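Position one of the sequence shown corresponds to residue -16 (this note's numbering), numbered consecutively onward.
Cβ coordinates follow ideal geometry from the N, Cα and C atoms, glycine included.
Owing to the predicted nature of the structure, the values given are computational and were not obtained by experimental measurement.
One structure is given below, encoded as structure tokens.
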Amino acid sequence: MLIYAQKLGWVVLTCLLISGCDSEEPNVPAAAPKASAPEPKLAKVEVKPTLKGPTAAELVASVAARVDSSVDETALVAALAKFEDRKTTLASIYQASERRHYDASGAISERGTEILDLLADVKRHGLDSRPYGFGRIDHGTFSVHQSLKAEQDVIRAQCKTAACARVAAAIALWLKGGQAGEAALVAAGLDKLDSAQRHHLDACIKPLAIETSKTRQLIWQADVTVSAAVIRYLVDFLLAKPAHPFDFMTPQTIAKLAEEHSERLVERIAAHPNDLAAVMRAAWPIQEQYKKLLKSVDHYAAMVEKGGWGEVPSLPKKKLTKGAKSAWFLQLRTRLKAEGYDVAEQGETYDDELLKVVQTFQRRHQLQSEGIIGKGTLRELNVSAQRRLRQLKLALTRWRSALARDAAGFYVHVNIAAQQMQLWVAGKRERTHRVIVGKDNEDIDYSKRVKGKINRTKMFKAEMKRITLAPRWYPTPRVVDLELGPALAKDPEYFEKHGYVSEMRGDGTERVYQRSGPKNLLGVVKFQFPNKHAIYMHDTPSRGLFKRARRAYSHGCIRLHRPKQLAYDLLGRDRNMKKKKIDKIIKERDEKVIMLKNHFWVYIDYISASVEPEGDEQVATYFWSDIYAYDKAYFTGQLPVKEVEKYKAASLRGL
């Protein structure tokens, strides 16, 4: 990949041309003097006429007459025509009709080298390298190199001295659009050539003009090919969604994005018109997780390179607890050591040291970190290094299309896969809360006449606009029909026991709500960011569920651990409300809606790996459960996900 373009190590054309061109006779040591002898009779020698060459001025005029400025324009048009799928953005890159990556000598520029380095790294980002045309880039660079050698052959065939070759190289550069004019040739030594050398130089000009014209066309083709790869890079980082559960794009769709969104790409390029490498780096997600995950990719790629780790055999018993003894623990230690855990290699006892390491492993894989080794822990242990690397690269792919990829300022980010909420302020994570997200069960919504995974928490963004203290809960018609109705049928006092009120509205319809108080299913506070899914964050009386590692238990809303702490923080910042006042409102059990003066964004994404702090400024890679099987759908080619379907009454059997 990019063998020629990255590692050829371009030689300045002048050096290529000069080497091997000096045909002057070597200095031969003088022979020792011999005794005098009679002078031989000299034969008549025919004197060949001295080669007469044109003057320096005539040579300059001859070269100038062969400089064809139209070659560049024609070559550029021909090169651009090969990339119809991104022609508009490419045209913006070349609006000044100047090469971007190669100079007139055919050497790649320093910025061009930066670009090739970024392109060569795409697999590290979890990207498919095939659409980048690395074979075309290498072929283009190789073709330029071969054309330069053809120029060199012309010069070697005509020039008999290094001095002549140097000037010929300067002529070739001028013909290709490089340093031009009499001054360039004089600087190369034109004025020091004798008549014979000028004769040989003159013989170079016509064939050089032919070869340099070919070289110019090949340089343009190579230059545009690199730019086309740059555009694909921008598409992949800014527009493509190859792993989104619902907005999934096929390779064919992604291939059309450059033209469909050319305005956006052109705007990006305009920010750094002379530095495409900077444009490429600026396309990375702003969120710090992206660069941290790249380091994790490097770490796990190194493990894969070393062979990863083998499977741990079946457990010697159903569950293993501290103090257990078995040769099985030797294999466990080997496995943990292979992933970088600091554990002694020897020991058949499940001792304190090993217990702590197992607890750390469990925490990093979203398991109950109690140190009890069961089938769940064994399953995570036997996920290969290759699969972990694949999971990390998918996390990078998901971040590139994440709603929070470029979030800045003050915002909330919820990661469904991690069941975690974070508050970010000016690029710094200030709060982290556990959350409970929607269930993954099959269910029915009679009012909407759909069935399927209807309780899953949705992925979207919305503005946080209000916070409700001591909220009432207004259950949806579906909850009333499926849960509250049957409960009331079994126990006529159910509503009274649990604080529910049923009231008739003016239009004759019934409305059910639950009063504020300790039994209220929304708890003591609700955070609202209006959206079409009717999802919000709230407290819950079922706080014991937060002790569980994997928490998918709601009807779709996001239940929040330590919600009052978040309320104190947000209302303190926005309304200068004191903790005492907030507690007083909650205690009064009279619903109070507080409109925020400063709205902020809430982003809800699904990313199954992240880098998390672990005290003492240390960080570690965490692998979250694929609770909604969105990762599985990606790896098995089943995107986009279809979560719900319509139903008819007859199709409800068996649900």
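Beta-carbon contacts of residue i that lie in its chain and below 7 angstroms, excluding the five residues immediately before and after
| i | result |
| --- | --- |
| residue 618 | none |
| residue 629 | 432 and 433 |
| residue 12 | Note on residue 12: pLDDT 44, under 50, position unreliable in the model; no value is reported. |
| residue 449 | 511, 576, 577, 578 and 579 |
| residue 197 | 130 |
| residue 227 | 384 |
| residue 213 | 98, 259 and 263 |
| residue 456 | 496, 497, 503, 504 and 505 |
| residue 87 | 156, 159, 160 and 161 |
| residue 543 | 404, 416, 418, 520, 521, 522 and 549 |
| residue 245 | 71 and 72 |
Counted within 10 angstroms of its Cβ, other Cβ atoms place residue i as buried (16 or more) or exposed
| i | result |
| --- | --- |
| residue 115 | buried |
| residue 516 | exposed |
| residue 573 | exposed |
| residue 76 | buried |
| residue 17 | Unreliable placement is indicated for residue 17, whose pLDDT of 47 sits below 50; the coordinate value is still reported in the next sentence. By the 10 Å Cβ count, residue 17 comes out exposed. |
| residue 679 | No answer is possible for residue 679: it lies beyond the span of the chain, which begins at -16 and ends at 638. |
| residue 0 | Note on residue 0: pLDDT 39, under 50, position unreliable in the model; no value is reported. |
| residue 711 | Since the first and last residues shown for the chain are -16 and 638, residue 711 lies out of range. |
| residue 193 | exposed |
| residue 487 | exposed |
| residue 451 | buried |
| residue 135 | buried |
| residue 269 | exposed |
| residue 121 | buried |
| residue 60 | exposed |
| residue 229 | exposed |
| residue 368 | buried |
| residue 195 | buried |
| residue 272 | buried |
Other residues of its chain near residue i: CB distance less than 8 angstroms, five sequence neighbours each side excluded
| i | result |
| --- | --- |
| residue 9 | Residue placement at residue 9 cannot be trusted, given a pLDDT of 41 that sits under 50; the coordinates are not used to answer. |
| residue 56 | 80 |
| residue 370 | none |
| residue 438 | 421, 422, 423, 424, 426, 537, 538 and 539 |
| residue 210 | 73, 76, 77, 83, 84 and 259 |
| residue 589 | 228, 381, 398, 399, 400, 442, 611 and 613 |
| residue 191 | 134, 137, 138, 151, 154, 155 and 158 |
| residue 326 | 316, 319, 320, 336, 337 and 340 |
Which listed residue (the options) has its alpha carbon closest to that of residue i
| i | options | result |
| --- | --- | --- |
| residue 366 | 170, 607 and 451 | 607 |
| residue 406 | 315, 131, 49 and 586 | 586 |
| residue 639 | 346, 392, 530 and 451 | The structure shown has nothing for residue 639, since the chain only spans -16 to 638. |
| residue 205 | 220, 187, 128 and 539 | 128 |
| residue 419 | 353, 223, 534 and 249 | 534 |
| residue 468 | 493, 145 and 624 | 493 |
| residue 519 | 164, 501 and 421 | 421 |
| residue 500 | 482, 488 and 513 | 482 |
| residue 496 | 346, 504 and 489 | 504 |
| residue 36 | 168, 178, 615 and 597 | 178 |
| residue 171 | 188, 190, 186 and 151 | 151 |
| residue 464 | 427, 317 and 288 | 427 |
| residue 118 | 208, 470 and 382 | 208 |
| residue 429 | 631, 255 and 408 | 631 |
| residue 598 | 343, 623 and 336 | 343 |
| residue 248 | 374, 601, 220 and 274 | 220 |
Residues near residue i by beta carbon distance below 6 angstroms, same chain, minus five either side
| i | result |
| --- | --- |
| residue 147 | 180, 183 and 184 |
| residue 338 | 305 and 354 |
| residue 34 | 179 and 182 |
| residue 203 | 58, 59 and 62 |
| residue 141 | 183, 186 and 187 |
Residue i beta carbon near the ligand FMN (any heavy atom closer than 7 angstroms)
| i | result |
| --- | --- |
| residue 414 | Of the ligands one can find in the structure shown there are none, so the ligand FMN has no counterpart to examine. |
For this session: Say whether the region 430 to 448 touches the region 558 to 577, bearing in mind that this needs 3 or more beta-carbon pairs closer than 8 angstroms, one atom from each stretch.
Result: no
Problem set entry | Within the region 456 to 536, ranges of the beta strand (DSSP E) (whole runs, at least 3 residues) | 483 to 487, 493 to 497 and 508 to 511
Exercise. Between the region 276 to 284 and the region 91 to 110, are three or more C-beta pairs nearer than 8 angstroms?
Worked result: yes
For this session: Inspect the CB distances between the region 310 to 323 and the region 404 to 417 and report whether three or more fall short of 8 angstroms.
Result: Remark: fewer than three beta-carbon pairs, one from each stretch, lie closer than 8 angstroms, so the region 310 to 323 and the region 404 to 417 are not flagged as touching.
For this session: Go through the region 143 to 179 residue by residue and report every complete run of the alpha helix (DSSP H) that reaches 4 residues or more, in order.
Result: 145 to 158 and 165 to 171
Exercise. If we count Cβ pairs, one from each stretch, closer than 8 angstroms, do we get three or more for the region 383 to 395 versus the region 581 to 595?
Worked result: yes
For this session: Any chance you could list the beta strand (DSSP E) runs of at least 3 consecutive residues sitting entirely within the region 336 to 378, in chain order?
Result: Correct list: empty.
For this session: Report the residue ranges of all alpha helix (DSSP H) runs contained in full by the region 279 to 315; include only those spanning at least 4 residues, in chain order.
Result: none
For this session: Count the CB pairs spanning the region 49 to 63 and the region 148 to 161 that are closer than 8 angstroms, and state whether there are at least three.
Result: yes
Problem set entry | 4 or more residues per run - each alpha helix (DSSP H) lying fully within the region 568 to 618 | 613 to 618
For this session: Could you name each continuous alpha helix (DSSP H) segment of 4 residues or more that falls completely within the region 74 to 145, going from the start of the chain to the end?
Result: 93 to 103 and 117 to 141
Problem set entry | Continuous beta strand (DSSP E) assignments of at least 3 residues falling wholly in the region 538 to 563 | Counting whole runs of 3 or more residues, the region 538 to 563 contains the beta strand (DSSP E) stretches 541 to 543.
For this session: Please list the segments of the alpha helix (DSSP H) lying wholly inside the region 202 to 251, counting only runs of 4 or more residues, in order along the chain.
Result: 234 to 238 and 240 to 243
Problem set entry | Stretch pair the region 288 to 299 + the region 330 to 347: three plus CB contacts closer than 8 angstroms | no
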